[in-house]
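Every letter in the sequence shown is one number past the one before it in the UniProt record's numbering, and letter 124, counting from 1, is 124.
Here is the structure we will look at.
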Amino acid sequence: YMIPWGPSSKFYNFLTKCCHNSALLQTFHPITAQAGNLTVFAGERQHPDQPVQLDFHFARGSQGVTHWHGLLQARTVFLDTPHLALDCNSRESLTATLEYVEENTEADQVLVNFHKSRRDRGDLLRAFGFLGFTLLRPDHPSLPPWEDVIFMAYPMERELWPPTSD
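See the structure below:
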């Protein structure tokens with residue numbers, strides 16, 4: 001189950017209430033970045049405080065493409081967990097997505113979300129936990145007030161001090 005991003009989706013409505021700019025969430029630039037099998041599309045950011053929609057496409061050869069739909073809001077990237085997220089290539093796509101976020105944004109964390117009723121919920125919890133994600137409480141202040149969605153957080157590893165030149 002993927003949370004839809006269209007104008008009728010919960011996440012879209014939550015963000016437009018917070019940001020007061022629904023047009024921003026629908027405007028995409030062409031390819032923003034390519035790295036290996038990963039292609040990133042990004043919405044146009046009108047103002048630094050506004051969210052930007054991100055779409056990560058990971059080419060899996062003859063198996064097609066894995067999509068991680070996301071949104072950069074302040075210093076957090078929200079990602080919808082795609083179907084078949086646990087297959088080998090989807091894990092590789094998540095790793096590439098996390099690397100892109102760490103190297104190309106100022107995000108402090110990535111939050112993945114998936115519907116509580118997914119059949120693979122237990123497997124997702126274990127797999128994301130193994131990768132370093134932690135489960136967030138439903139009442140966490142960074143989250144929309146949804147009762148039917150699970151969120152897990154991955155902290156970005158940032159250097160605390162700038163590199164020194166010796």
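Glycine is no exception: its CB is placed at the ideal position from the N, C-alpha and C atoms.
Please name the residue in N37, T66 and A74 whose C-alpha comes closest to that of P48. A74
For T97, three-class secondary structure by DSSP: helix
Find out if the Cβ-Cβ distance for the pair V52, F58 is shorter than 8 Å. no
Neighbour-count burial assignment, G36, 16 or more Cβ in a 10 Å radius: exposed
Which ranges would you report for the beta strand (DSSP E) in the segment 41–121 if only whole runs of at least 3 residues count? 52–59, 65–73, 76–80 and 109–115
Kindly indicate the opening and closing residues of the beta strand (DSSP E) around F133. Neither: F133 is in no beta strand (DSSP E) and is coded neither H nor E.
Nearest residue (CA-CA) to D80, options G61, Y100 and V110: V110
Alpha-carbon spacing of T27 relative to Q34, whole angstroms: Any reading at T27 must be qualified, since the residue scores a pLDDT of 42, below 50, and its modelled position is unreliable; no value is offered.
Would you decide whether G43 is buried or exposed? Buried here means 16 or more other CB atoms lie within 10 Å of its CB. buried
Compute the Euclidean distance between the alpha carbons of L143 and E102, then round it to the nearest angstrom. 21 Å
So, helix, strand or coil for L38, using DSSP? strand
Quick one: what's M152 bridged to in DSSP? V112 and L135
Taking DSSP's pairing of strands, which residues face A33 in a bridge? V40
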